[in-house]
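Novice: Throughout, this note's numbering is defined as the position within the sequence shown, counted from one, plus 105. Below: one structure in structure tokens.
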Amino acid sequence: MFNHEEYRVLGRQRNTRWRQSRSGTAIVVFAVLLLAITAWISIVFWPGSYCFHKTENSQGNPISSFPWQPFENAQSETDIPNTVFAHLNPRFSRGSLNINQVVFGIAGSVQLWPKRKEFVKLWWRPDEMRGHVWLEEKVSDEDNLPPIRVSEDISRFSYTNPDGHPSGVRIARIIQESFGLGLPDVKWFVLADDDTVFNVDNLISVLSKYNPSEMYYIGSASESHSANTYFSHSMAYGGGGIAISYPLAEELSNMQDECLERYPQLFGSDDRLHACISELGVPLTREPGFHQWDIRGNAHGLLAAHPVVPFVSFHHVETINPIFPQHNSLDGLKHLMKAMRTDPSGFLQQSICYDHKRWLTFSISNGYVVQVFPQIILPRELERSERTFTAWNKLDTSVEFDFDTRPPQRLFCKKPLLFFLEDIQKAGNMTLSTYKRGIQRDNLKRASYCFSWALSPYEVQNIQVVSRPMNERWHSVPRRQCCQLAETKNKVLGLTVGPCEEGSISSSSATL
106 MFNHEEYRVL
116 GRQRNTRWRQ
126 SRSGTAIVVF
136 AVLLLAITAW
146 ISIVFWPGSY
156 CFHKTENSQG
166 NPISSFPWQP
176 FENAQSETDI
186 PNTVFAHLNP
196 RFSRGSLNIN
206 QVVFGIAGSV
216 QLWPKRKEFV
226 KLWWRPDEMR
236 GHVWLEEKVS
246 DEDNLPPIRV
256 SEDISRFSYT
266 NPDGHPSGVR
276 IARIIQESFG
286 LGLPDVKWFV
296 LADDDTVFNV
306 DNLISVLSKY
316 NPSEMYYIGS
326 ASESHSANTY
336 FSHSMAYGGG
346 GIAISYPLAE
356 ELSNMQDECL
366 ERYPQLFGSD
376 DRLHACISEL
386 GVPLTREPGF
396 HQWDIRGNAH
406 GLLAAHPVVP
416 FVSFHHVETI
426 NPIFPQHNSL
436 DGLKHLMKAM
446 RTDPSGFLQQ
456 SICYDHKRWL
466 TFSISNGYVV
476 QVFPQIILPR
486 ELERSERTFT
496 AWNKLDTSVE
506 FDFDTRPPQR
516 LFCKKPLLFF
526 LEDIQKAGNM
536 TLSTYKRGIQ
546 RDNLKRASYC
556 FSWALSPYEV
566 QNIQVVSRPM
576 NERWHSVPRR
586 QCCQLAETKN
596 KVLGLTVGPC
606 EEGSISSSSA
616 TL
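This is the structure:
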């Protein structure tokens with residue numbers, strides 16, 4: 106028989122052996138798991154693995170027609186395409202963009218080109234720029250226009266949309282065909298229509314913000330809510346211009362023809378291009394200065410309240426009324442382009458200031474118009490576009506637009522006086538612009554029935570605006586410019602516009 110002390114000693118020995126046995130078992134299990142995990146990783150990720158290939162090649166695999174296929178062999182560092190290391194190439198450095206490093210692809214048609222070439226002449230610089238007009242047939246080149254190229258035959262592509270036209274396939278391939286030309290020293294490709302008008306200097310400034318060695322798809326959606334709902338809110342519209350970086354154009358050219366076969370039901374070119382870029386996983390980088398202008402009628406509301414971003418482009422110039430009174434459509438565009446060329450960065454930038462003694466509000470759209478309201482209107486209201494236009498579907502309610510709008514003023518006593526651009530010129534580093542009082546139908550009513558007629562023609566006939574130069578990087582840290590009233594002399598009222606000084610407010614509304 107064991108006494109109690111012997112039982113305790115024996116128990117301690119048994120417990121020690123049991124703990125040692127449990128520890129040994131745990132070590133063995135851990136080792137087995139480690140070996141299993143190592144073996145699994147080597148099978149799945151080791152170069153030359155064909156596990157996924159067996160799945161891929163199985164009958165009925167839904168992704169077998171797509172371009173993104175697994176690597177069959179691992180690449181060494183020397184086998185990686187040059188585009189991966191493009192950021193090491195100084196020609197792809199951010200901020201060093203020249204206008205001749207952008208290649209334009211302008212979509213047109215033989216039927217409309219004789220008229221629309223006049224719009225291209227407004228902004229094209231033949232001695233500085235590179236690009237082509239892509240038509241379905243050959244026409245004669247002209248010295249002051251981009252050279253003409255004939256698009257490749259698209260009859261092999263299926264097109265099933267009952268409301269569109271197969272030319273959408275042809276236009277969707279313009280970036281691919283432009284890339285295929287193999288032009289040297291290219292950083293960006295820009296797609297546009299033959300009725301698109303560019304502010305070229307601002308386009309270069311905007312693209313300079315981005316690293317062209319990365320894949321970028323840059324543009325803006327439509328102003329029309331209905332159009333965005335039908336096509337996509339994440340699609341760049343070609344009429345406003347689409348900028349595509351060189352690496353994205355390269356990838357697109359490698360897969361687009363196969364991609365287009367997957368979308369025969371789409372309507373046009375923009376949605377086809379968007380679909381293929383979506384397959385590459387590149388989202389839209391929005392730049393609101395690209396304007397599709399899916400509007401009709403009087404564009405005054407848009408021109409008079411441009412957002413605080415560089416104005417890059419506008420489109421559908423044939424569907425809007427003449428921009429300036431006493432000018433036809435083409436002459437009005439030429440007049441506007443003079444302002445754009447004289448002060449490209451400040452073009453259409455809005456400034457707001459007040460005359461508290463006469464209870465007046467001044468809203469300046471640089472290079473277009475000065476509006477004088479016979480009441481105090483706060484900036485939050487003036488930043489909204491007055492709905493002087495209709496949407497592309499000819500409706501004019503606020504829900505038809507994907508940007509802030511306000512209803513047009515119906516009471517003639519509260520309508521603004523409009524002073525339209527008469528002349529603009531450089532004076533050193535300043536810009537001097539003169540705006541002339543417009544002839545308005547309500548002037549007689551205003552003089553007869555309104556309690557007070559602000560700025561009567563006997564007092565002011567013209568407004569002269571002196572604009573100081575904008576900061577070179579103002580679009581990276583945007584802020585509306587400040588405005589101050591100057592003296593009135595010889596029926597000319599003076600205004601000064603420029604970057605706000607430290608501690609100042611962009612309008613004097615803070616004192617209201």
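Yeah, the Cβ is synthetic: ideal placement off N, Cα and C, and Gly gets one too. Please read these numbers as outputs of a predicted model, since none were measured by experiment.
1) Helix, strand or coil for Ile-529 per DSSP?
2) When the Cα of Ala-348 is compared with those of Ser-337, Met-320, Phe-372, which residue comes out closest?
3) Does DSSP classify Asn-96 as helix, strand or coil?
4) Under the three-state reduction of DSSP, which class applies to Thr-447: helix, strand or coil?
5) Could you give the DSSP three-state label for Leu-250: helix, strand or coil?
6) For Ala-591, count the other beta carbons within 10 Å of its own beta carbon; 16 or more makes it buried, fewer makes it exposed. Which is it?
7) Straight-line CA distance for Thr-466 to Leu-526?
8) Please report the distance separating the alpha-carbon of Arg-463 from that of Phe-478.
9) If you measure between the beta carbons of Ile-469 and Val-305, is that distance less than 8 Å?
10) Using the three-state DSSP reduction, which class does His-237 fall into: helix, strand or coil?
11) Just verifying my parser: in three-state terms, what is the DSSP assignment at Ile-349?
12) Does the pairing of the region 235 to 255 with the region 322 to 332 give three or more beta-carbon distances under 8 Å?
13) Using a Cβ cut-off of 8 Å (strictly closer), state whether His-440 contacts chain C.
14) Starting from Phe-467, trace the beta strand (DSSP E) both ways and give me its first and last residue.
15) Going by DSSP in three states, Glu-592 sits in which element: helix, strand or coil?
16) If you count every other CB in all the chains shown that lies within 10 Å of the CB of Glu-607, and 16 or more means buried, which is it?
17) Report yes if the CB atom of Gly-406 is closer than 8 Å to the CB atom of Phe-494, and no otherwise.
18) Using C-beta distances below 6 Å, list every residue in its chain close to Gln-569, excluding the 5 sequence neighbours before and after it, in chain order.
19) Given Glu-450, which residues of its chain have a CB within under 6 Å of its CB, disregarding the five upstream and five downstream residues?
20) Taking DSSP as the reference, what is the three-state secondary structure of Ala-277?
21) Less than 8 Å between the beta carbons of Ser-327 and Tyr-342, yes or no?
22) Using the C-alpha atoms, what's the distance from Leu-453 back to Val-602?
23) I need the DSSP call for Cys-364, collapsed to helix, strand or coil.
24) Tell me the DSSP secondary structure of Ser-383 in three-state form.
25) Could you pull out every residue in the same chain whose Cβ sits closer than 6 Å to the Cβ of Ser-456, ignoring the five residues on either side in sequence?
26) Give me the Cα-Cα distance between Thr-160 and Gln-361, rounded to the nearest whole angstrom.
27) If you check the beta carbons only, do Pro-513 and Arg-492 fall under 8 Å apart?
28) For Ser-374, which option in Val-414, Arg-511, Gly-269 has the closest C-alpha, if you only look at C-alpha atoms?
29) Determine whether the beta carbon atoms of Val-295 and Gly-394 lie at a separation below 8 Å.
30) Less than 6 Å between C-beta atoms, sequence neighbours within five positions excluded: which residues of the same chain meet that for Leu-389?
31) Buried or exposed: which applies to Ile-544, given that a residue is buried once 16 or more other Cβ atoms fall within 10 Å of its Cβ?
32) Quick one: Cα of Ile-428 to Cα of Pro-251, how far?
33) Please list the terminal residues of the continuous alpha helix (DSSP H) segment that includes Ser-538.
34) Please work out which residues of its chain come closer than 7 Å, Cβ to Cβ, to Gln-281, disregarding the five sequence neighbours upstream and downstream, and give them in chain order.
35) From Asn-426 to Ala-444, what does the alpha carbon distance come to, in whole angstroms?
36) I need the DSSP call for Arg-573, collapsed to helix, strand or coil.
Specialist: Once the coordinates are examined:
1) Residue mapping note: residue 529 aligns to position 424 of the sequence shown, counting from 1. Reduced to three states, the DSSP call for Ile-529 is strand.
2) As a working mapping, residue 348 is identified with position 243 in the sequence shown. Among Ser-337, Met-320, Phe-372, the Cα nearest to that of Ala-348 is on Met-320.
3) Residue 96 cannot be examined here, being either before or after the span of the chain that is shown, 106 to 617.
4) What you label residue 447 is simply residue 342 of the sequence shown in a count that begins at 1. If DSSP states are grouped into helix, strand and coil, Thr-447 belongs with the helices.
5) Position 145 of the sequence shown, counting from 1, holds the residue named residue 250. The answer is coil: DSSP assigns Leu-250 none of H, G, I, E or B.
6) Here residue 591 refers to the residue found at position 486 when the sequence shown is read from its first residue. Exposed, because fewer than 16 other Cβ atoms sit within 10 Å of the Cβ of Ala-591.
7) Here residue 466 corresponds to residue number 361 of the sequence shown, with the count starting at 1. Here residue 526 corresponds to residue number 421 of the sequence shown, with the count starting at 1. The alpha-carbon atoms of Thr-466 and Leu-526 are separated by roughly 18 Å.
8) Residue mapping note: residue 463 aligns to position 358 of the sequence shown, counting from 1. Residue mapping note: residue 478 aligns to position 373 of the sequence shown, counting from 1. Approximately 11 Å between the Cα atoms of the pair.
9) Residue mapping note: residue 469 aligns to position 364 of the sequence shown, counting from 1. Residue mapping note: residue 305 aligns to position 200 of the sequence shown, counting from 1. Contact: no.
10) As a working note, residue 237 is residue 132 in the sequence shown. The three-state reading of DSSP puts His-237 in strand, counting E and B together.
11) Walking along the sequence shown from the start, residue 349 turns up at place 244. Strand, per DSSP.
12) no
13) Considering every chain present, this structure includes no chain C. It has just one protein chain.
14) Reading the sequence shown from its first residue, position 362 is the one you call residue 467. Run containing Phe-467: 465 to 470, per the beta strand (DSSP E) assignment.
15) Taking the first residue of the sequence shown as 1, we reach residue 592 at position 487. The three-state reading of DSSP puts Glu-592 in strand, counting E and B together.
16) Here residue 607 corresponds to residue number 502 of the sequence shown, with the count starting at 1. Exposed: under 16 other Cβ atoms inside 10 Å.
17) Your numbering for residue 406 matches position 301 in the sequence shown. Your numbering for residue 494 matches position 389 in the sequence shown. Contact: yes.
18) Start at 1 with the first residue of the sequence shown, and residue 569 comes out as number 464. Taken in chain order, the residues that qualify are Thr-539, Val-597, Gly-599.
19) On the sequence shown, residue 450 is found 345 positions in, with the first residue counted as 1. At residue 450 the sequence reads Ser, which differs from the Glu that was named. Result list for Ser-450: Met-575, in chain order.
20) The residue given as residue 277 occupies position 172 in the sequence shown. Helix at Ala-277.
21) Numbered from its first residue, the sequence shown carries residue 327 at position 222. Numbered from its first residue, the sequence shown carries residue 342 at position 237. Cβ atoms of Ser-327 and Tyr-342: closer than 8 Å.
22) The sequence position of residue 602 within the sequence shown is 497, counting from 1. The sequence position of residue 453 within the sequence shown is 348, counting from 1. Taking the straight line joining both Cα atoms gives about 12 Å.
23) Locating residue 364 in the sequence shown gives position 259, where the first residue counts as 1. Three-state result, Cys-364: helix.
24) Counting from one through the sequence shown, the residue named residue 383 turns up at place 278. Helix.
25) By one-based count along the sequence shown, residue 456 stands at place 351. For Ser-456, where only same-chain residues beyond five positions count, the Cβ hits under 6 Å are Ile-469, Gln-586, Cys-588, Val-602.
26) Start at 1 with the first residue of the sequence shown, and residue 160 comes out as number 55. Start at 1 with the first residue of the sequence shown, and residue 361 comes out as number 256. Because Thr-160 carries a pLDDT of 34, less than 50, the predicted location of this residue cannot be relied on, and the following value inherits that uncertainty. Whole-angstrom Cα-Cα distance: 25 Å.
27) Position 408 of the sequence shown holds residue 513. Position 387 of the sequence shown holds residue 492. Result yes, Cβ atoms of Pro-513 and Arg-492 sit closer than 8 Å.
28) Mapped onto the sequence shown, residue 374 falls at position 269. When each option's Cα is compared against that of Ser-374, the closest is Gly-269.
29) Looking up residue 295 in the sequence shown gives position 190. Looking up residue 394 in the sequence shown gives position 289. No.
30) Position 284 of the sequence shown, counted from the first residue, corresponds to residue 389. Taken in chain order, the residues that qualify are Tyr-322, Ser-339, Ala-341.
31) For the purposes of this step, residue 544 is taken as the residue at position 439 of the sequence shown. With fewer than 16 other Cβ atoms within 10 Å, it is exposed.
32) On the sequence shown, position 323 is the one that residue 428 refers to. On the sequence shown, position 146 is the one that residue 251 refers to. Approximately 26 Å between the Cα atoms of the pair.
33) Along the sequence shown, read from residue 1 onward, the residue named residue 538 stands at position 433. Note, Ser-538: premise wrong, no alpha helix (DSSP H); beta strand (DSSP E) at 535 to 542.
34) Here residue 281 refers to the residue found at position 176 when the sequence shown is read from its first residue. Here the set comprises Leu-357, Ser-358, Gln-361.
35) For this step, residue 426 is matched to residue 321 along the sequence shown. For this step, residue 444 is matched to residue 339 along the sequence shown. Their backbone Cα atoms lie some 19 Å apart in a straight line.
36) Mapped onto the sequence shown, residue 573 falls at position 468. Three-state DSSP puts Arg-573 in coil, outside helix and strand.
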